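Residue numbers (my numbering): 5 to 330. Data block below; observations after.
Next comes the structure, spelled out in structure tokens:
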């Protein structure tokens with residue numbers, strides 16, 4: 005009886021982990037040539053590695069024909085699992101290196117750009133005071149990419165917006181913020197009292213990439229629509245600082261979290277426009293991967309954040325839609 009080509013034990017015994025790493029890079033590239041460049045290997049070597057992996061698993065993984073380069077169904081399945089495997093292997097070396105009596109682990113946060121949360125900052129301050137040997141890095145991403153980093157175990161956890169929940173991840177609501185609409189000093193509405201929605205009728209706007217009716221900032225998209233702003237969007241970004249920059253530069257009226265805009269309003273850089281009531285509330289979440297093996301620093305910081313969330317009702321973690329300080 006011939007051996008089963010899909011026998012799990014055979015695949016586990018014969019599979020080379022380096023082939024999986026090569027496949028992950030190829031799956032995230034647009035061609036074999038691009039993947040080889042990212043791996044700093046010659047193209048024939050990478051093509052040969054892909055062929056060996058396909059022989060091991062008994063399936064074609066990437067459709068590669070003139071004008072076509074995409075994952076097959078088997079390739080998409082393997083990529084999803086290989087990303088987690090690759091992340092676990094990378095974290096294993098880190099865990100072994102950090103085994104000391106003092107907490108010296110590294111924590112890598114994936115953060116959405118608009119996260120401004122003194123509540124979270126206080127936890128970070130307490131963590132550093134208690135564990136001065138631990139280190140921290142923060143990478144700013146779109147919320148979707150931050151979640152992808154956590155899913156792939158490339159980040160310890162994420163602080164971001166959440167549209168649809170992944171059953172493989174854990175979520176806790178970190179804080180709630182409210183969005184308002186603002187214009188900058190070069191805009192004709194800047195400094196005008198008593199504005200009404202009629203004053204915004206048909207005006208161009210600036211917004212976030214995710215400010216769409218089918219996306220995570222749907223309430224903000226509805227606010228823009230109800231404010232009678234025109235359909236023309238003159239600037240977009242996934243980064244809060246860049247949305248703020250375009251609003252201040254006068255490209256259009258745009259949304260910002262109220263508590264973030266407060267200082268700029270006080271400094272004369274922003275002016276709030278209608279609506280003034282019924283502003284949309286957006287929840288920002290802490291997200292982590294329970295399948296990731298965490299080092300001591302990551303475990304301690306995650307416990308501290310979760311404990312702080314449990315100890316403070318959501319009312320204490322809500323930044324009210326007021327431009328007054330305090």
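Glycine residues also receive a C-beta, built at the ideal position from the N, C-alpha and C atoms. Please read these numbers as outputs of a predicted model, since none were measured by experiment.
Residue 83 - DSSP class collapsed to helix/strand/coil: By one-based count along the chain shown, residue 83 stands at place 79. Looking at residue 83 - three-state DSSP - the assignment turns out to be helix.
Near residue 190, what residues of its chain come up, given a Cβ to Cβ distance below 6 Å and the 5 sequence neighbours on each side ignored? The residue you call residue 190 lines up with position 186 of the chain shown. 254, listed in sequence order.
Our contact map puts residue 114 next to residue 74 with C-beta atoms below 8 Å; I'd like the distance itself, whole angstroms only. By 1-based counting over the chain shown, the position of residue 114 is 110. By 1-based counting over the chain shown, the position of residue 74 is 70. In fact, because the Cβ distance is near 26 Å, the residues do not count as touching under 8 Å.
Can you tell me whether residue 21 is helix, strand or coil according to DSSP? Position 17 of the chain shown, counted from the first residue, corresponds to residue 21. Helix, per DSSP.
What does a CB cutoff of less than 7 Å around residue 86 pick up in its chain, not counting 5 residues either side in sequence? Walking along the chain shown from the start, residue 86 turns up at place 82. 24, 27 and 28, listed in sequence order.
Expressed to the nearest angstrom, what Euclidean distance is found between the alpha-carbon atoms of residue 45 and residue 33? Locating residue 45 in the chain shown gives position 41, where the first residue counts as 1. Locating residue 33 in the chain shown gives position 29, where the first residue counts as 1. Cα to Cα, residue 45 sits roughly 14 Å from residue 33.
Sequence-distant residues of its chain with Cβ nearer than 7 Å to residue 117 (five each side left out): Taking the first residue of the chain shown as position 1, residue 117 is located at position 113. Around residue 117: 144, 242, 243, 244 and 245.
Report buried or exposed for residue 275, applying the criterion of at least 16 other Cβ atoms within 10 angstroms of its Cβ. Here residue 275 is taken as the residue at index 271 of the chain shown, counted from 1. Buried, since its Cβ has 16 or more Cβ neighbours within 10 Å.
Whole angstroms are fine: how far does the CA of residue 112 sit from the CA of residue 161? Taking the chain shown and counting its residues from 1, the one referred to as residue 161 is at position 157. Taking the chain shown and counting its residues from 1, the one referred to as residue 112 is at position 108. The alpha-carbon atoms of residue 161 and residue 112 are separated by roughly 7 Å.
Quick check on the DSSP output: what are the complete alpha helix (DSSP H) runs of length 4 or more inside the stretch 135-195, in order along the chain? Listed in chain order, the alpha helix (DSSP H) runs fully inside the stretch 135-195 are 147-155, counting runs of at least 4 residues.
Over the uninterrupted beta strand (DSSP E) stretch that includes residue 239, give me the two end residues. One-based indexing of the chain shown puts residue 239 at position 235. Its beta strand (DSSP E) spans residues 237-241.
Label residue 280 either buried or exposed according to how many other C-beta atoms from any shown protein chain fall within 10 Å of its C-beta, with 16 as the threshold for buried. On the chain shown, position 276 is the one that residue 280 refers to. If you draw a 10 Å sphere on the C-beta of residue 280, you find fewer than 16 other C-beta atoms in it, and that means exposed.
Go ahead and label residue 277 buried or exposed: buried means 16 or more other beta carbons lie within 10 angstroms of its beta carbon, across all protein chains shown. Residue numbering aside, residue 277 sits at position 273 when the chain shown is read from its first letter. By the neighbour-count rule (16 or more Cβ atoms within 10 Å), residue 277 is buried.
Would you list the one or two residues that DSSP bridges to residue 313? The count along the chain shown starts at 1 and reaches residue 313 at position 309. BP columns for residue 313 are empty, so no partner.
Given 8 Å as the limit, is there contact between the stretch 299-312 and the stretch 220-234, that is, 3 or more CB pairs closer than that? Verdict: no, contact absent.
Please report how far the alpha carbon of residue 311 lies from the alpha carbon of residue 131, in whole angstroms. Residue 311 sits at position 307 when you count from the first residue of the chain shown. Residue 131 sits at position 127 when you count from the first residue of the chain shown. Their backbone Cα atoms lie some 12 Å apart in a straight line.
What is the DSSP secondary structure of residue 259, reduced to helix, strand or coil? The residue you call residue 259 lines up with position 255 of the chain shown. Residue 259 falls in the strand class under three-state DSSP.
Proximity of residue 286 and residue 188 at Cβ, strictly below 9 Å: Within the chain shown, numbered from 1, the residue matching residue 286 stands at position 282. Within the chain shown, numbered from 1, the residue matching residue 188 stands at position 184. No, the pair does not count as a contact, with Cβ atoms beyond the cut-off.
Own chain residues within Cβ distance below 6 Å of residue 140, not counting five before or after: Along the chain shown, one-based indexing puts residue 140 at 136. Excluding residues within five positions, the ones whose Cβ falls inside 6 Å are 111.
Helix, strand or coil at residue 269 [DSSP, three-state]: Numbered from 1 along the chain shown, position 265 holds the residue referred to as residue 269. In this structure, residue 269 counts as helix in the three-state DSSP scheme.
At what residues does the alpha helix (DSSP H) containing residue 115 begin and finish? In the chain shown, counting from the first residue as 1, residue 115 sits at position 111. Here residue 115 belongs to no alpha helix (DSSP H); instead the beta strand (DSSP E) covers 110-116.
Mapping DSSP to helix, strand and coil, what is residue 90? The count along the chain shown starts at 1 and reaches residue 90 at position 86. It is helical.
What does the alpha-carbon distance come out to for the pair residue 22 and residue 152? For the purposes of this step, residue 22 is identified with residue 18 of the chain shown, where counting begins at 1. For the purposes of this step, residue 152 is identified with residue 148 of the chain shown, where counting begins at 1. Rounded to the nearest angstrom, the two C-alpha atoms are 22 Å apart.
Outcome for residue 67 when other beta-carbon atoms lying within 10 angstroms are tallied against a minimum of 16: As a position in the chain shown, residue 67 is number 63, starting the count at 1. Residue environment for residue 67: exposed (fewer than 16 other C-beta atoms within 10 angstroms of its C-beta).
Going by alpha carbons, who is nearest to residue 148 out of 234, 90, 168 and 38? Counting from one through the chain shown, the residue named residue 148 turns up at place 144. Minimum Cα-Cα distance from residue 148 among the listed residues 234, 90, 168 and 38 corresponds to 168.
Going straight from the alpha carbon of residue 186 to that of residue 257, what length do you get? Within the chain shown, residue 186 is the residue found at index 182, counting from 1. Within the chain shown, residue 257 is the residue found at index 253, counting from 1. Taking the straight line joining both Cα atoms gives about 5 Å.
Residue 126 (DSSP reduced to helix, strand or coil): Taking the chain shown and counting its residues from 1, one reaches residue 126 at position 122. Reduced to three states, the DSSP call for residue 126 is helix.
Spell out whether any CB of chain B is found under 9 Å from the CB atom of residue 267. Given the protein chain composition of this structure (a single chain), no chain B is represented.
Which first and last residues belong to the alpha helix (DSSP H) in which residue 251 is found? By 1-based counting over the chain shown, the position of residue 251 is 247. 244-252 is the extent of the alpha helix (DSSP H) around residue 251.
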